[in-house]
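Protein chains in written order, with my numbering: chain A, 1326 to 1627; chain B, 950 to 1215; chain C, 950 to 1215; chain D, 18 to 310; chain E, 18 to 310. Glycine is no exception: its CB is placed at the ideal position from the N, C-alpha and C atoms.
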Amino acid sequence: ADKLVFLTSWFAQAEHGGFYQALATGAYEKVGLDVTIKMGGPQVNGMQLLVAGEADAIMGYDIQTLKAVENKLPVVTVAASFQYDLQGLMTHPDIGSLEDLKGRKILIATASRNTFWPWLRAKYGFEDQQAAPYTFNLQPFLVDPKAAVQAYPSSEPFEARQQGKDVKFLLLADAGYPPYGTTIVTTRGMLDQKPDVMRRFVKATMEGWKSYLANPAPANELIKRDNSKMTDERMAFAVDWLRTHKAVNGGDAAAGGIGTMTEARWKQTYDFLVSAGLLNKETDWKRAFTTDFVRDLQVTLD
Amino acid sequence: MRPLIRNEWFVRVAAPLLVGALVLAVWQLACQTYEVPAYLFPTPTDIAAKLASDLPGLLGALWSTLKVTFMAFAIAVIAGTALAFLFTQSRIIEFSLLPYAVILQVTPIAAVAPLIIILVKDTTAALTICAAVIAIFPIISNTTIGLKSVDPSLANYFRMNKAGRLQTLVRLRIPSALPFFLAGLRISSGLALIGAVVAEFVAGTGGRSAGLAYEILQSSFQLDIPRMFAALFLITATGVILFLAMAGLSNLLLGHWHESALKVEQ
Amino acid sequence: MRPLIRNEWFVRVAAPLLVGALVLAVWQLACQTYEVPAYLFPTPTDIAAKLASDLPGLLGALWSTLKVTFMAFAIAVIAGTALAFLFTQSRIIEFSLLPYAVILQVTPIAAVAPLIIILVKDTTAALTICAAVIAIFPIISNTTIGLKSVDPSLANYFRMNKAGRLQTLVRLRIPSALPFFLAGLRISSGLALIGAVVAEFVAGTGGRSAGLAYEILQSSFQLDIPRMFAALFLITATGVILFLAMAGLSNLLLGHWHESALKVEQ
Amino acid sequence: MGPASQRAALVQAAAAKPPPGPEPHLQPPVVEVLSAEKSFANGTRALAPIDLTVRAGEFLTLIGPSGCGKSTLLKLIANLYEPTDGRINWWRGDFRKVGQDGRRLAFVFQDPTLMPWARVATNVRLPLDLERVPKPQATPRVAAALEQVGLGHAARSFPRQLSGGMRMRVSIARALVTEPNLLLMDEPFGALDEFTRNKLDDDLVALSWERKLTTIFVTHSIYEAVFLSTRIVVMAANPGRVFREVVIDEPMPRGDDFRTSSRFADLCRELSAALTDASIASQGKGAKTPCAR
Amino acid sequence: MGPASQRAALVQAAAAKPPPGPEPHLQPPVVEVLSAEKSFANGTRALAPIDLTVRAGEFLTLIGPSGCGKSTLLKLIANLYEPTDGRINWWRGDFRKVGQDGRRLAFVFQDPTLMPWARVATNVRLPLDLERVPKPQATPRVAAALEQVGLGHAARSFPRQLSGGMRMRVSIARALVTEPNLLLMDEPFGALDEFTRNKLDDDLVALSWERKLTTIFVTHSIYEAVFLSTRIVVMAANPGRVFREVVIDEPMPRGDDFRTSSRFADLCRELSAALTDASIASQGKGAKTPCAR
Ligand SMILES: Nc1ncnc2c1ncn2[C@@H]1O[C@H](COP(=O)(O)OP(=O)(O)OP(=O)(O)O)[C@@H](O)[C@H]1O
Ligand SMILES: Nc1ncnc2c1ncn2[C@@H]1O[C@H](COP(=O)(O)OP(=O)(O)OP(=O)(O)O)[C@@H](O)[C@H]1O
Ligand SMILES: O=[N+]([O-])[O-]
Ligand SMILES: [Mg+2]
Ligand SMILES: [Mg+2]
């Protein structure tokens, strides 16, 4: 079997379900792959480990991938698990929409300052002074009834509700934030030398997503083994969210199948970055992705 | 009170414990009076309850962190003293290399962790290296100063007797350096511990071998703040024990001769 | 070579710079020979080019970090020596409080950063507190040991002359403690710097007041590795300068009397 | 005023004074050692119970074999050690009396005990600083004390730049600068050449006389003991104890005429014999092997 | 063998030896000081150019006012200082000759210079350890050396638990244990009582004689200098220099008969006069105020 190391972007959670499901159900094995899933974390720089050969593929973010291409890194996105980035903002219930946050304190992690924060700034006229540090700990949000915080739908709102707080979640994608979510990024070298391995990996993973949404139990067992703090309740909440918001199978995936990406969407992301001054206009943005691996996949939910 | 202050057992054991108990009591009372929610700042009893209920898991994590701590501390001590020996071999070596040793201390481990992970495949080894890098500088710096703090007359005696480098090191420089070296150990032992935690934050692993940093991060993400404090308690308790061990070692090695540890004859 | 080794200027200035230059040359050569890509490990020239082109931005970030570093260092020195004075007032205070001071050192700043952010509204103040907490322990520990390292005969002399507490402190304990205190400063100055960086990593903000940690994180996130190394270079250079300043201070204060700094009469 | 003429003036002033009032043994006691004994933490029995009264104006010398407890006794008297048993009175009171007006104590330790980080002048000024004597008043006194020990030129040196004898003289100057009433000196002149030593012996005699100083002095020199003392306590070791007392009832102040008298030689012989007896008595008892032979 | 009988045995052994071969001045030089001078970094001119040859078997004593450079000269001879100008030969060669067989040097510093962290026995064993003498051989030698200075019972004490004189005796034992050929001693007996001192003086005479020791000795005691020496160098200060030489041409070994002879008293008077001259000659020149009067 061909060995492949995949590095996720965070501690194991339901948002990684497709990969763990493919591992748990033997989908990878079936296509002749020996896959190892390594967990990322808040300070783990996956892209660096990818180009250093520590991983064959990683879970990526479009904006980081475009920046990497700008810096001449030989990396490329081959598939997108989610049709939009799951990033959003969590607010106290008095907030109706993103516009209402103007002038309010928003807790933003350092890594987000060059991703969706400039987008919010440009779109809603937010100021840098509004941004306060966020360390993935909700205490500052909970004590400040006027604050908002960056959030993943299945994480922060879940924690806040566990503490009995009524909160709102506003998905950025709903307001037009263009990047895909939870992509698969690999190196040009991998594509040149073992395109077939990657092809099998992408396919098995997308099968994994399909299977996961149908019955998450096998993956959840593996997730709990890697991340002992993960609970069934939490994962059930997340899977439910993914299902109802059609993160995996909505948008272009409805027709093109799970994992689908389009050049038009990448262009949107590129345009936003250039307009925000975050990316050199000369960047060859088309090298940041290839649709070769998902074009004809056609893994769809029944 | 007078006689109590003179009582060794009271001074060394009871008084510190009393202070600890007092702080806990005030903390408990303050939290209860102002009804501080547990997700913000838990009471000692919240923490104790969590500690009791989650003990097996927390102890497992503590053990993982301790393994890294001890290995890193050992490496820091051995490599640090070796470097200090090297630096005191000649002034030119000291001036040429010692300033660069600072680089070990002031390089943010987060920035170089990926490089270490790339170079060292084994995660535990990578964590150990990160923690050792964090812990080594106080040993290097203090030991270097210590090795130079030799009574010039005794140094003359050794020189006159044509003592070899190794003899001078073992019989003169090392004993003279002990007070500074042991002061370095006190600082370094704590840094090895916090280094192990920080390394785990940075190079992060969950799974079976996850240490206390993972417990803290997860508890913090999940707003299980009592559990986070329970993990913090284990870390700080370990730190205090390490410190007391180093202080005890100082007493053992210096108690019979060095002013800092000597009980003055009255 | 002989006369060069004896030449003060060569030993103190030229030799360290030569060593630095040598390391850079080997690094450059190795990277070029093995064609290591810049995004993995940049060459010194890559870094220098980036440094030159991005200097204004990087210097601004450095200045932010330095402000936090200096304030934190000042706080650590003042509070650390004050605590050390307190601890040496009586054995019972020392035994009751000193072990708990370790908690300052071994608490992961990442874990308590949210609390500090909640309590301290001003980000710079919060960063300064975090960095000071990281830097304070070596001062406390070394100064406490130093304040106890008093020649017993001189202590007797002061006691016999009914010297007051303050007089004994100023005229006897402080000078006696200097070698240890200054050794603590060397460690602490570096820790204040890295503490400022770590605090920013953990609790940092971008915007105009962003420091070097932000530069490093963003460069790392955006895979602009030469820029990351340029920022690292600024940090380490600052660390080396701080170290040399502390070493110079030691020489100034101890050069005329303490073995560690004395040039032995030949 | 040069040091030599200064010294002459001192001696003259002393000679001009009326003789002291009542008999020495009627003077009030300055130090009373009442069955004080001392054992150390490691079990060494340094002093068996000692009884000793030193009266105002006395010049008492302790002499005895090395290790017999002379320094220990002096430190007990300076309140640097607490007696294991028994007690000590100062001016008929406890140690709080020391330092009150006219009850100033100075101690020259067996080792120089200087602050290595301070210059000679600063070292000598230390006791005045501790008493908060203003600098303008302290400075000339420091200079005078340094002149007296022949170290006027070394005021700005650091201790490590001095010879052994010079360091000891700094320590002596530091004691003299305070104009003490009770002066404890532990082998102060042991490291000095005979010429300097004789000069300082003369100065000390003049000083004691002029200022009605009470002095407790330790020396190994029989000649010095006889020349300086009104009373000599010969100590023996194992355990440390008073072995014999020799009273030197020569008039004060004394000078070279006394040094060259046959009475002086007789007294020296007497003391020497006592010392030999004490040395022999110190052997074998208490310790496994003799402490000194 | 008790210490007293041991000492008697030594003296007897010494007396039984045949007289030394050629005349003293025909013996090979052990130390040659050739116009060596010494100034310190702070500008102090401690020694003007000194010329001095010490031959095998000589017992040379340096005597002079405090601060005249005796310790400095001894340290030059022990290669602890480098002469600012001039040079020094050991056994007609450079310092590498020292330590080679039959060319062992030992130095008793003016201060005890003990390792505070080591027990007395370990301190005394140090030079043997440095020479890698096996422990079984070293141990009895250490015990004998400690007995010789009367400290057999203190072997397991730490230096800080000893009296000043006891510490100095440890330092002496550490020098004697190596059985040196060239012995440098800087006021070794200054802190000792006369009884112990006389005993050690006697031992030293016996030892020098028996082992054909070359000794350079510093003392402030005129009697000791005359009793021990074959030659006495009187030094003066400002700058430190050789002021006069006194040869003591009494036969060796010497004993109490010499101490009580009128020849001894004459020599003492002669030396005392020379010393007074040297002290006076030391004044005023070079330093602003006299270094010693
Ligand atoms: N700190 C100490 N701990 C244990 N024993 C001590 C201590 N100080 C002194 N001694 C012992 O007490 C005895 C008396 O010591 P002391 O210093 O009083 O002697 P001394 O008469 O002054 O001798 P010297 O003439 O050599 O100075 C000695 O046997 C010594 O070993
Ligand atoms: N390290 C030094 N730096 C500067 N000057 C020094 C140093 N050591 C000694 N001296 C000076 O050199 C001179 C000679 O000192 P040395 O110790 O040789 O005198 P000494 O004859 O041994 O006196 P003593 O009898 O008091 O021991 C003194 O004036 C002293 O101040
Ligand atoms: O990256 N986040 O998990 O929000
Ligand atoms: Mg004594
Ligand atoms: Mg000397």
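Taking the C-beta atoms as reference points, Phe1451/A is found no nearer than 8 angstroms to Lys1471/A.
Nearest CB-CB separation between Pro1458/A and chain C: below the 8 angstroms threshold. Listed by position in the chain, the residues whose beta carbon lies within less than 7 angstroms of some heavy atom of ligand 4 are Lys87/D, Ser88/D, Gln127/D, Asp203/D, Glu204/D, Val235/D, Ser180/E, Gly181/E and Gly182/E. According to the DSSP assignment, Arg1513/A belongs to no beta strand (DSSP E) but to the alpha helix (DSSP H) extending over Arg1513 to Gln1518.
Annotation for Phe212/E indicates a beta carbon at 7 angstroms or more from all heavy atoms of ligand 2. Relative to the Cα of Ser188/E, the nearest Cα in the group Arg142/E, Asn198/E and Val264/E belongs to Arg142/E. DSSP, reduced to helix, strand and coil, places Thr1625/A outside both helices and strands of the structure shown, so it counts as coil.
If you draw a straight line from the Cα of Lys1212/C to the Cα of Met1364/A, it comes to about 55 angstroms. Contact check for Cys1079/C against Ala1025/C fails: the beta carbons are separated by 8 angstroms or more. Restricting attention to Gly1160/B, Arg1176/B and Leu1127/B, the CA atom closest to the CA of Leu1203/B is found in Leu1127/B. For Leu97/E, the nearest beta carbon of chain B is closer than 8 angstroms to its own beta carbon.
Inter-segment contact for the stretch 1498-1518 of chain A and the stretch 1453-1472 of chain A is absent: fewer than three beta-carbon pairs are separated by less than 8 angstroms.
Between Gly1139/B and Leu1191/B, the C-beta gap is smaller than 8 angstroms, which places the two residues in contact. Taking a C-beta distance under 8 angstroms as the contact criterion, Val1017/B and Thr1056/B do not qualify as a contact pair. Segment contact: the stretch 1600-1608 of chain A against the stretch 1391-1404 of chain A, three or more CB-CB distances shorter than 8 angstroms; contact assigned. Thr1608/A is positioned such that its CB atom lies closer than 8 angstroms to that of Leu1391/A. Following the DSSP letters along the chain, one finds Gln1475/A inside the beta strand (DSSP E) bounded by residues Ala1473 to Ala1476. Within the same chain, Cβ atoms closer than 7 angstroms to the Cβ of Trp108/E are found at Val47, Lys114 and Arg120, the five residues on either side in sequence being excluded. Cβ proximity to chain A below 9 angstroms picks out Ala1059 and Ala1060 from the stretch 1038-1060 of chain C. Classified as exposed, Lys152/E has fewer than 16 neighbouring CB atoms from the shown chains inside 10 Å of its CB. Using a Cβ-Cβ cut-off of 8 angstroms, Val1527/A does not count as an interface residue toward chain B, since no Cβ of chain B sits closer than that to its own. No Cβ-Cβ contact shorter than 8 angstroms links Arg191/D with Pro157/D. Each residue's CA atom was taken as its position, placing Gly169/D and Ala138/D some 9 angstroms apart.
Across the structure, Leu1121/C and Ala1031/C are spaced so that their CA atoms are roughly 16 angstroms apart. Taking the CA atoms as reference points, Gly1006/B sits about 28 angstroms from Asn1370/A.
Within 10 angstroms of the beta-carbon of Glu262/E lie fewer than 16 other beta-carbons, which makes it exposed. Remark: the shortest separation between the CB of Gln1038/B and any heavy atom of ligand 1 does not fall under 7 angstroms. From the beta-carbon of Ser1102/B, the residues of chain E found nearer than 8 angstroms are Phe126, Asp128 and Thr130.
For Ser296/D, the shortest separation between its Cβ and any heavy atom of ligand 1 does not lie below 7 angstroms. Around the beta carbon of Gln154/D, fewer than 16 other beta carbons lie within 10 angstroms, which makes this residue exposed. Within chain C, the residues whose beta carbon sits less than 7 angstroms from that of Lys1392/A are Gln1171 and Leu1172, listed in sequence order. Note on the stretch 189-233 of chain D: whole alpha helix (DSSP H) runs with a minimum of 4 residues are 211-228, in chain order.
In chain order, Asn1110 make up the part of chain B whose C-beta sits under 7 angstroms from the C-beta of Pro144/E. For Asp1359/A, the three-state secondary structure derived from DSSP is strand. Residues of the same chain with a CB within less than 6 angstroms of the CB of Thr1435/A, apart from the 5 flanking positions on each side, do not exist. Restricted to the stretch 984-1018 of chain B, the alpha helix (DSSP H) segments that are unbroken, complete and at least 4 residues in length are 993-1002, listed in chain order.
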